[in-house]
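For the protein sequence lines, the chains are A and B, in the order given. When you read off a place in the first sequence, starting at 1, and then add 816, the result is the number in this note's numbering. When you read off a place in the second sequence, starting at 1, and then add 12, the result is the number in this note's numbering. Note that beta-carbon positions come from the ideal geometry of N, C-alpha and C, so glycine has one too. First comes the structure, then the notes that go with it.
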Amino acid sequence: MSAVATRAEDRPIAAERAAAPRKRRRRGRKGGLLTVYFWLMMIYTVVPIVFMIIYGFNRAPAERVTFAWQGFTLEWYKHLFDLSDLTAALITSLEIAVLSGLIATALGTPMALAMSRYRYRGRGATDLVVFTDIAAPSVVVGASLLSFFILLNIPRGFGTILITHVAFNIAFVVVTVRARLAGVDTSLEEAAQDLGATPWVTFWRVTLPLLMPGVISAFLLSFALSIDDFIITSFVNGQTLTFPLWIWGAVKVGIPPQVFVMGTLIFVGGVLIAVANVVASRRQRVQTIAVNAPTRVPREG
Amino acid sequence: MEQHVRSDHPVLSLGLRKRLAPYLLSFPGGLWLLVFFLVPLVAILSVSLQTGNPIKGYALTWHFSEYVDAVRTYHAQFVRSFIYGSISTVLSLVLMYPIAYWIAFYGGRHKSTYLLLVLLPFFVSFLIRTLAWQFILADQGIVLGTLKSWHFLPQSLHVLSTPYAVVAGLTYNELPFMALPIYVALEKIDPSVIEAAADLYANRTQRFLRVILPLSSAGVYAGILLIFVTNTGDYVSASLLGGPSTTMIGNIIQTQYLENSNYPMASALSTILMAAMLIGMYLYARTFGTRSIEEFV
Chain A
817 MSAVATRAED RPIAAERAAA PRKRRRRGRK GGLLTVYFWL MMIYTVVPIV
867 FMIIYGFNRA PAERVTFAWQ GFTLEWYKHL FDLSDLTAAL ITSLEIAVLS
917 GLIATALGTP MALAMSRYRY RGRGATDLVV FTDIAAPSVV VGASLLSFFI
967 LLNIPRGFGT ILITHVAFNI AFVVVTVRAR LAGVDTSLEE AAQDLGATPW
1017 VTFWRVTLPL LMPGVISAFL LSFALSIDDF IITSFVNGQT LTFPLWIWGA
1067 VKVGIPPQVF VMGTLIFVGG VLIAVANVVA SRRQRVQTIA VNAPTRVPRE
1117 G
Chain B
13 MEQHVRSDHP VLSLGLRKRL APYLLSFPGG LWLLVFFLVP LVAILSVSLQ
63 TGNPIKGYAL TWHFSEYVDA VRTYHAQFVR SFIYGSISTV LSLVLMYPIA
113 YWIAFYGGRH KSTYLLLVLL PFFVSFLIRT LAWQFILADQ GIVLGTLKSW
163 HFLPQSLHVL STPYAVVAGL TYNELPFMAL PIYVALEKID PSVIEAAADL
213 YANRTQRFLR VILPLSSAGV YAGILLIFVT NTGDYVSASL LGGPSTTMIG
263 NIIQTQYLEN SNYPMASALS TILMAAMLIG MYLYARTFGT RSIEEFV
């Protein structure tokens, strides 16, 4: 049972608790209307997703997605990799997502550590840069990087896409890892140091393992942001095509159904990883609560 | 890229090491952000003040004429972008606040699962999502086509290529970004505060307006900022769902940069957009602090 849920159950106010049965019915009804709204919104939210999944199974004689339903087929799953340039674009996207995720996590995690564990000159400025990096409009970030690469005569391609993706992912890594650090008790690290561990050993044996869930979420977030980025990438790609850029190029001539199939597979993969993450964090929370009951509740999300 | 390996310095005293540690830790990442985020922002300012063409090259001439031209030619697109950005932001706030509220207060044991449901669209490439809407909202698509064939709607009715379609697309794309920060803010509220309000005879409405809403305001503002900035600069929804009359400033910047290679003009437009956003962000940071947004992303 999660601690958060316990908190939610504590919620009935004192007066309501006294008249529990009657009040509970009222509360239920109130929640009921909102509940209906929640599920209606969820239906609206999944409409395009369902469309994508279904139309990956539609027969399409012209090999383009059409609105008319022409019958069920698994053809596009069988010929998933037939369009070699689409496949190449997907592979490029995956490579950039993994590499930029790894580099950004490696660079951002120490930054998060510095920002949450030390007071130093320049911390405020770093904070502001991270904030701006997250909030800057994509089109400006893309345009400014393109200007920069043009000024320096750097040829655009895989390398510039990778550099760019790392640049926008670092900020998200810093934020994610820092959120995790806020929930990590420093007493364990202090204990390690008291027992004679060097800062280096303390970091690898105590801090990093405690941080690991945050680091993994940061990597996954980077991966997701990178693989879906279109606007910024469209400025710095040169001749290299990523998956979203390939789709953009295909819009005018029509979308091959393989695009929807790949979208579906990415979707299913992402959801599976997210579910695994939820299950793992729930299990961990139960352990944390069992070990040190009165400590602060780890934040969700 | 160069790799900066953090090494231990056994020669250094503990005190010095402790003082150096944060700099060593943030150096590689900070350098990356400096070179590939901050410097380019300055570079774009420089390009906007240059004159020349792609063949002969450019020279920095400090001509501000591009800015005058930019504002004169494209003020309509600027205004439109801000209007679309504002409407879609308000719409997503109105749509998602109840969702975040419901998950935070009625989610019970399954909060994570409901949150995941809200986040589902993020697992599909946003280009594919927008394309799907293009198919769904097409004149003879599943919604309009069906309603028209039943004569509920006139044949001449269009949704695509109208401002409604663009705003709907913008709103849809960023919904989870609104729900998440509000949820986090609501989740942090100490239930005893709400109990206290009830003990002081605040009714349901008062409890919401005077206690819950103010306490969740940081999340609301974070969502507003993120979505407004993203949507005002977007050009995908306007391209795929809109028409010639719905062009946004992002479309213009993209065309000027990538199709016309008119770098000074495109840079001037980007600089204006960035300046407007920076002023907004500065005011935001002054009012709410930068932490409030970072906590919620």
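Item	Value
Distance between A/V1022 and B/V232 (C-alpha atoms, nearest Å)	36 Å
Contacts of A/D1044 in chain B (Cβ-Cβ under 7 Å)	S137 and F138
Beta-bridge pairing of A/N874 - partner residues as DSSP gives them	A/F888
8 Å Cβ cutoff, A/R1098 in contact with chain B	yes
Neighbour flag for B/R141 against chain D, beta carbons, 8 Å	In the structure shown, chain D does not exist; the protein chains are A and B.
Distance between beta carbons of B/S93 and B/M260, contact taken as under 8 Å	4 Å
Beta bridge counterpart(s) of B/Q167 as assigned by DSSP	Answer is none; B/Q167 lacks a bridge partner.
For B/V91 and A/W892, the rounded distance between their alpha carbons	44 Å
Close beta carbons around B/L159, own chain, < 8 Å, minus the five adjacent residues each side	L165
Residue-chain proximity (A/D901, chain B), Cβ-Cβ < 8 Å	no
Rounded straight-line distance, which links the Cα of B/K123 to that of B/P110	14 Å
Within-8 Å CB hit, A/S960 to chain B	yes
Identity of the residue in B/G254, B/P276, B/G255 and B/Y247 nearest B/I264 by Cα	B/Y247
Neighbourhood of A/W1064 by C-beta distance below 8 Å, restricted to the same chain and skipping five residues each side	F1046 and S1050
Meets three-Cβ-pair contact criterion under 8 Å: the region 1036-1045 of chain A and the region 960-973 of chain A	no
6 Å Cβ shell around A/W1062 - same chain, five flanking residues per side excluded	L902 and A905
Burial state of A/Q1055 (16 or more Cβ within 10 Å)	exposed
Under the three-state DSSP convention, the category A/N780 falls into	For chain A, the structure presents residues 817 to 1117; residue 780 of chain A sits outside this window and is missing.
Assigned secondary structure, B/W162 (DSSP; H/G/I helix, E/B strand, else coil)	coil
Nearest-angstrom Cα separation, counted from B/A250 out to B/G97	12 Å
Proximal chain B residues relative to A/D949, where beta-carbon distance stays under 8 Å	L45 and F49
Sequence-distant residues of the same chain with beta carbon closer than 7 Å to A/R841, five excluded per side	Below a pLDDT of 50, predicted positions are generally treated as unreliable, and A/R841, at 43, falls in that range; no measurement from the model is reported.
Straight-line Cα distance separating B/I206 from B/T267	52 Å
Within chain A, partners of B/A297 - CB distance below 8 Å	L944 and F947
Per-residue DSSP class, three states only, for B/L129	helix
Cβ shell of A/I1071 (< 8 Å), same chain only, five flanking positions each side left out	R880, V881 and I1063
Contact list for A/M927 against chain B, beta-carbon separation under 7 Å	L37, S38, G41 and G42
Close Cβ partners of A/V946 (< 6 Å) along its chain, the five nearest in sequence each way excluded	A987 and V990
Spatial distance of B/R31 from A/A1013 (CA atoms)	19 Å
Straight-line Cα distance separating B/S58 from A/V866	46 Å
Start and end residues, alpha helix (DSSP H) containing B/G120	From DSSP, B/G120 is part of no alpha helix (DSSP H); its letter is neither H nor E.
Spatially closest choice to A/I1032 from A/A1092, A/N1053 and A/V1075, by CA coordinates	A/A1092
Proximity of A/G847 and A/T1080 at Cβ, strictly below 8 Å	no
Amino acids of chain A, ordered along the chain, whose beta-carbon sits closer than 9 Å to that of B/L237	A951
Whole-angstrom distance between A/A1034 and A/V914, CA atom to CA atom	12 Å
Check: B/T283 C-beta below 7 Å from any heavy atom of the ligand MN	This structure does not include the ligand MN; it has no bound ligands of any sort.
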